[in-house]
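Participant:
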Amino acid sequence: MTTIAVIGCGRISDIAHFPALMQIDGVRIKYACDLILEKAQAAKEKYPKIENVITDYKEALADEEVEAVFVLTPNYAHYEVTMDALKAGKHVLCEKPITVNYALSVEMAEEAKKQGKVLDIGVCNRYQRSVEMMREWAEEGKFGDIYHVYASFRSCRSIPGLGGPFTTKAQSGGGVLIDWGVHFLDIILYVLGGAKLKTVSCDAYTALAKDMKAYKHRGMWAEDTADIENGTNDVDDFISGHIRTDKASVSFNGAWAQNIDKNEMFIDFMGDKGGARFTYWDKFEFFDGETLEAFTPDYDIPDMWLLQDTAFLEAVKTGAKNRNNIEYVLETMKLLDTLYASADAKEEVKA
Ligand SMILES: NC(=O)c1ccc[n+]([C@@H]2O[C@H](COP(=O)([O-])OP(=O)(O)OC[C@H]3O[C@@H](n4cnc5c(N)ncnc54)[C@H](O)[C@@H]3O)[C@@H](O)[C@H]2O)c1
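For the sequence shown, the numbering used here begins at 1430 and goes up steadily by one.
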């Protein structure tokens, strides 16, 4: 039996981690912690495995029975809570992005190494069957030479928690790039099998919610964190970039909000033998350049969070590094950091 604490009882805990943990045998949720007690209590009412609710995560860290913690707080708190947990001798699964910048992410990786503890990052898409298969097919040569990858992560009106931690750069590290782009760029680097970065060029725009009160939306997720009256919105809601690596080049456009009434979420892998369009959180269609046939491999869409959290708890037992170990995710964080540096400098920069 592995005893854990879950720190941060917001949306991702409810969508992903508590449902997964309810399905995993051999895990005991001794604490659910949130700064807002009502959120932890609401989780306890919904998920019967939760034993206690607390508002100060240090209480869980002081409990010797707790072996591992899930850090599901806003981005700015990832660093502090994770570092405290590692120093208290706990294994950690920390949500994506690692934290608000690359330098602090490296410190987190170094602390995990120093303490000899597992530190996994919630880049959950690495557990999608589509992503696994595309990586396997790339390795097997089915794509031939993948020379370019294009990613689109664009939605019509989806700025999260306008005025809250998602739109305040000091708390989030950035906007649509660090929030959604992290998944897309991580998938790309993963499928390419660990491409090394060379140069990047990026432009970032705060275009549609310059005047937060005038921003119109149909639905806005993370409304509970919105603070239109007093909050800040100083992050990118549109982003465009070009990346050179030692393997493929990559280009992308991302939008939390755009004046085009479409959600366009996909990644195109262009190989000289075959290509694939991966529709985000769904299946991929492969086009074979020899037979000129397009087909979609048939498989069940797995619960990536269940697989990810199971793998983390397994790593806690064995100490073996899995695909989400921070060491294998640092390159993605470096890429995000370098893209923002390019956008700030308004010129191409070396990674
Ligand atoms: N893997 C994914 O696909 C995915 C999806 C959504 C969010 N996320 C990530 O998960 C994290 C949380 O996002 P969310 O949408 O759940 O946000 P949220 O605002 O809904 O929830 C965060 C919760 O953390 C609590 N909190 C903040 N600081 C705390 C502290 N020091 N101790 C205890 N509780 C604290 C807040 O009160 C809040 O309830 C973010 O880093 C986000 O990027 C990942």
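Cβ atoms here follow ideal geometry from the backbone N, Cα and C, with glycine treated the same way.
#1: My guess is that LEU1735 and GLY1670 are in contact by the Cβ rule of under 8 angstroms, so how many angstroms apart are they, rounded?
#2: With a CB to CB cut of under 7 angstroms and the five nearest residues on each side skipped, what residues in its chain are close to PRO1526?
#3: Name the residue from ALA1538, GLU1493, ILE1444, THR1484 whose alpha carbon lies nearest to the alpha carbon of LYS1475.
#4: Would you list the one or two residues that DSSP bridges to TYR1579?
#5: What did DSSP end up calling ASP1632 once you bin it into helix, strand or coil?
#6: Taking the alpha-carbon of GLN1544 as reference, which of GLY1748, ALA1772, VAL1620, GLN1470 has the nearest alpha-carbon?
#7: Could you tell me if the beta carbon of LEU1501 falls within a distance shorter than 8 angstroms of some heavy atom in ligand 1?
#8: Return yes when the C-beta of THR1596 is under 8 angstroms from any heavy atom of ligand 1, and no when it is not.
#9: For ILE1616, which residues in the same chain have their Cβ closer than 7 angstroms to its Cβ, ignoring the five residues on either side in sequence?
#10: At a Cβ threshold of 9 angstroms, is THR1511 touching chain D?
#11: Which first and last residues belong to the alpha helix (DSSP H) in which HIS1612 is found?
#12: With H, G and I counted as helix, E and B as strand and the rest as coil, what does DSSP make of ILE1441?
#13: Quick one: give me the first and last residue of the beta strand (DSSP E) that LYS1459 is part of.
#14: Apply the 10 Å Cβ neighbour rule to ASP1666 and answer buried if 16 or more other Cβ atoms are within range, or exposed otherwise.
#15: How long is the line joining the alpha carbons of VAL1529 and TYR1508, rounded to whole angstroms?
#16: Classify GLY1700 as buried or exposed, calling it buried when 16 or more other Cβ atoms lie within 10 Å of its own Cβ.
#17: Based on the DSSP output, what are the partners of ASN1751 in its beta bridges?
#18: Excluding the 5 residues preceding and the 5 following GLY1518 in the sequence, name in chain order all residues of the same chain whose CB lies nearer than 8 angstroms to its CB.
#19: Provide the residue span of the beta strand (DSSP E) that contains HIS1520, from first to last.
#20: Since I believe ASN1754 is in contact with LEU1466 (beta carbons under 8 angstroms), could you give me their beta-carbon distance rounded to a whole number of angstroms?
#21: Taking the continuous beta strand (DSSP E) assigned at GLU1722, which residues delimit it?
#22: With ASP1513 as the anchor, note down where its alpha helix (DSSP H) starts and where it stops.
#23: CB of ILE1458 to nearest heavy atom of ligand 1: below 8 angstroms?
#24: Do VAL1482 and ALA1472 have their beta-carbon atoms positioned less than 9 angstroms apart in this structure?
#25: Can you tell me whether LEU1759 is helix, strand or coil according to DSSP?
#26: In the DSSP output, what is ASN1481 paired with across the bridge?
#27: Once the 5 residues before and after MET1512 are set aside, which same chain residues still bring their CB inside 8 angstroms of it?
Facilitator: This is what the structure holds:
#1: Cβ atoms of LEU1735 and GLY1670 stay farther apart than 8 angstroms, at about 32 angstroms.
#2: Within the same chain, PRO1526 has close Cβ partners ASN1504, GLY1602, ILE1607, VAL1611, MET1762, LEU1765.
#3: Measuring C-alpha to C-alpha distances from LYS1475 to each of ALA1538, GLU1493, ILE1444, THR1484 identifies ILE1444 as the nearest.
#4: In the DSSP output, where bridge partners are listed per residue, TYR1579 has SER1680, ASP1697.
#5: Reduced to three states, the DSSP call for ASP1632 is strand.
#6: Residue nearest to GLN1544 within the set GLY1748, ALA1772, VAL1620, GLN1470 is GLY1748 (criterion: CA-CA distance).
#7: At least one heavy atom of ligand 1 is nearer than 8 angstroms to the Cβ of LEU1501, so yes.
#8: No, the Cβ of THR1596 stays beyond 8 angstroms of every heavy atom of ligand 1.
#9: Result list for ILE1616: ASN1554, VAL1560, ILE1696, in chain order.
#10: No chain D is part of this structure, which consists of one protein chain only.
#11: It spans 1611–1620 - the alpha helix (DSSP H) in which HIS1612 sits, taken as one unbroken run.
#12: It is helical.
#13: Unbroken beta strand (DSSP E) run through LYS1459: 1456–1462.
#14: ASP1666 is classed as buried because its beta carbon has at least 16 other beta carbons within 10 Å across all chains shown.
#15: Taking the straight line joining both Cα atoms gives about 8 angstroms.
#16: Buried is the call here.
#17: Paired residues: none, contrary to the question.
#18: Apart from the 5 residues on each side of it in sequence, GLY1518 sits with its Cβ closer than 8 angstroms to the Cβ of GLN1544, LYS1546 in its chain, given in chain order.
#19: Unbroken beta strand (DSSP E) run through HIS1520: 1520–1523.
#20: With 8 angstroms as the limit, LEU1466 and ASN1754 do not qualify as a contact, their Cβ atoms being about 33 angstroms apart.
#21: Per DSSP, GLU1722 belongs to the beta strand (DSSP E) from 1722–1724.
#22: Element bounds for ASP1513: 1504–1516.
#23: Distance from the C-beta of ILE1458 to the nearest heavy atom of ligand 1 is not below 8 angstroms.
#24: Contact: yes.
#25: Three-state result, LEU1759: helix.
#26: Among the bridge pairs identified by DSSP, ASN1481 is matched with TYR1460.
#27: The beta carbon of MET1512 sits closer than 8 angstroms to the beta carbons of GLU1536, MET1537, GLU1540 from its chain, once the five residues preceding and following it are set aside; these are given in chain order.
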